[in-house]
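Scroll down for the structure; my scribbles are underneath it.
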Amino acid sequence: MKKNLYGLKTTVIVNLAFLIITAMLLLGLVVLKVIEKNLVQQNINQYLLINRMVGVVIRTSGAEPFDYETSVDKALKRYLEYLSRYSEYRWLAVLNDRGKVVAEGGRKPTEAKSWKVIVHRTISTNSFHMNLNYSLFSPFRSLPPRVVIATPLNLFSKKYCVLVGYGIMETEWRSIIHAIGLISFYILVNAIVLLGFGLYIFHRRVIGPINKMVESVATIREGDRLPLFEETRDNELGRLSRAINIMLQRLEENKKELKETIKSLEEANRNLNKVQKELIHSEKMASVGRLASGVAHEIGNPLGIILGYLEILKTGAADESEKDDLLRRMEDELLRIRGIITRLLDFARPGRGEKVVTNLHELISEICSLVSHQCSKKNIDLVTELKARNFLIYSDPNQLKQVFLNLLFNSIDSIENSGKIRVRTYNLGKEAKKSRNGNKVVVEIGDTGHGIPKENLD
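Each number in the numbering used here corresponds to the 1-based position in the sequence shown with 243 added.
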């Protein structure tokens, strides 16, 4: 259970951190774009100021009217050289309407194509044009961006037509890098603070109550009453608590009903076992009654022999050695009677239903001796073929006796007059499937009776 809660907590932490960091990054990106726009605009404003100053230099230069252009070119060149040294524009030039350089200051860029295209567009449209080779928002580049700006001088002069500048926006680029570092730091700090505060609120409002519910349910012992949870909050957890309380109340009711059902089932099982034992005992008594005539006959024979021996002893015709022999024979017949009665009493005695190691062959022989008189009355030949090598089984001997006795009675009843009953035991071969406790032993009881009619098989 705790593993699931920790999984929920981890999921919330990851999702919350992702949302906070994403929101902060988007906000930081917007701020950086605004800063970039302002820095580029500052650079443009600086260039426009240079444009106006160049116009002033052109208009105010020229000491002698006959050498006006020469003096202007010299003054303009000195001024452009000065600006190229102390401004971000490494090269500044004034061009005529044909794109030819009239005056310049600084080092001309090697990529001539870029500034010539800008100059051509400016001359053609008489408007401002700018080319920035990439955005300022490129902190992972090793060099700051390059910019080319061209503006018309608006002096109504074909010679002094366009001012073009080539600059490196190093100051703006470093400002952006500094802003990125500062914004990243604030994003990290704000994310940690917001995440910590959010986790605190989430743990207090959600995880805490859930842990309390889990601990309350986990501490329930057998027989304890199911706990109810607080329903004071009118939110999802409050509704969850109310739903859990309803479920717990129903579980409590079902628990009581289950206990009553179990109690009634136990009582019914006891009654069923009692009835089953009574039925088994009744069936056993019926079998004993059926065996009684045979037992009486088996007892009658040795009793008749004993009475005959007593008559001989009464006459006094026997000598001492003959008397000893007669007494020994009488003792044997009495032991025979006792054995018959003992077997019958053992069969009639109620069993305890315990499984013990049972000698199957001895049990079958005992049952066969009990029904031997019934077989002889109907001229039935009872044959036993006890060939099983593994004949020790784990079972309830009393139940087995009743089963075998019923089967033998059925065989006797199915034979009208004279026949044969064969009782056979054997073990399954090595190729047959083995049981958990070794080879299986099979008991077969067959007879020559008429069998069960087909209409009664179902």
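Backbone N, C-alpha and C define an ideal beta-carbon position, used for all residues, glycine too.
Asked, Found
"Given this structure, state the Cα-to-Cα distance separating Asn-288 from Ser-367, to the nearest angstrom.", "23 Å"
"Mapping the DSSP letters down to three states, classify Asp-340 as helix, strand or coil.", "coil"
"Closer than 8 Å is the cut-off here; do at least three beta carbon pairs connect the segment 346-355 with the segment 314-332?", "yes"
"Using C-beta distances below 7 Å, list every residue in its chain close to Ser-615, excluding the 5 sequence neighbours before and after it, in chain order.", "Leu-625"
"Of all the options Thr-504, Gln-642, His-363, Glu-554, which has the alpha carbon lying nearest to the alpha carbon of Val-407?", "His-363"
"Going by DSSP, name the residue or residues bridged to Leu-635.", "Asn-602"
"Check whether the Cβ atoms of Ile-719 and Ile-658 sit closer than 8 Å, and answer yes or no.", "As shown, the chain starts at 244 and ends at 701. That puts residue 719 outside it, with no answer to give."
"Over the uninterrupted alpha helix (DSSP H) stretch that includes Gly-441, give me the two end residues.", "413-445"
"At the level of alpha carbons, what is the spacing between Phe-371 and Pro-395?", "7 Å"
"If you measure from the CB of Glu-495, is any heavy atom of the ligand NAD nearer than 7 Å?", "In the structure on display, the ligand NAD does not appear, and there are no ligands present to speak of."
"Label Val-257 either buried or exposed according to how many other C-beta atoms from any shown protein chain fall within 10 Å of its C-beta, with 16 as the threshold for buried.", "exposed"
"Where do the N-terminal and C-terminal ends of the alpha helix (DSSP H) with Leu-651 fall, by residue?", "640-657"
"So, helix, strand or coil for Gly-668, using DSSP?", "The sequence shown places Thr at residue 668, not Gly. Strand."
"State yes or no: is the C-beta of Arg-333 within less than 8 Å of the C-beta of Gly-410?", "yes"
"Could you pull the DSSP bridge partners for Ala-486 from this structure?", "Answer by DSSP bridge pairing: none, since Ala-486 is not bridged."
"Going by beta-carbon coordinates alone, are Arg-579 and Pro-545 separated by less than 8 Å?", "yes"
"Between Ser-612, His-446, Leu-569, which lies nearest to Thr-253 when the distance is taken from Cα to Cα?", "His-446"
"Given a cut-off of 8 Å, decide if Ile-636 and Val-684 are closer than it, judged by their beta-carbon atoms.", "yes"
"Just verifying my parser: in three-state terms, what is the DSSP assignment at Ile-695?", "coil"
"What would DSSP say about Lys-663, mapped onto helix, strand or coil?", "strand"
"Thinking just about the alpha-carbon of each residue, which of Leu-603, Gly-547, Lys-598 is nearest to the one in Glu-576?", "Gly-547"
"Of the residues Thr-353, Asn-641, Leu-375, Glu-563, which one's Cα is nearest the Cα of Val-707?", "The requested residue 707 is not part of the displayed model; the chain covers only 244 to 701."
"Can you tell which of Gly-271, Arg-389, Glu-415, Thr-365 has the C-alpha that lies nearest to the C-alpha of Asn-281?", "Glu-415"
"Count the other CB atoms, across all protein chains shown, that sit within 10 Å of the CB of Phe-428; report buried if there are 16 or more and exposed otherwise.", "exposed"
"In the DSSP output, which residue or residues are listed as bridge partners for Asp-690?", "Ile-664"
"Just the Cα atoms here: how many angstroms apart are Thr-504 and Val-686?", "42 Å"
"Excluding the five sequence neighbours on either side, which residues of its own chain have a C-beta within less than 6 Å of the C-beta of Asn-682, listed in chain order?", "Asn-633, Asn-670, Leu-671"
"Name the DSSP beta bridge partners of Tyr-201, please?", "The shown model of the chain, from 244 to 701, leaves out residue 201, and the question about it has no answer."
"Once you ignore the five residues that flank Val-297 on each side, which residues in its own chain have a CB closer than 6 Å to its CB?", "Leu-406"
"Hey, could you find the ends of the alpha helix (DSSP H) Gly-621 is sitting in?", "One detail in the question is off: residue 621 reads as Lys in this sequence, not Gly. Neither: Lys-621 is in no alpha helix (DSSP H) and is coded neither H nor E."
"Mark Asn-294 as exposed unless 16 or more other C-beta atoms lie within 10 angstroms of its C-beta, in which case mark it buried.", "buried"
"Considering only their Cβ atoms, is the gap separating Leu-569 from Ile-555 smaller than 8 Å?", "yes"
"For Asn-512, which residues does DSSP report across the bridge?", "Paired residues: none, contrary to the question."
"Taking the Cβ atom as the reference point for each residue, do Val-391 and Ile-361 lie within a distance shorter than 8 Å?", "yes"
"Among Lys-276, Gly-551, Asn-374, Leu-442, whose alpha-carbon lies nearest the alpha-carbon of Ile-263?", "Leu-442"
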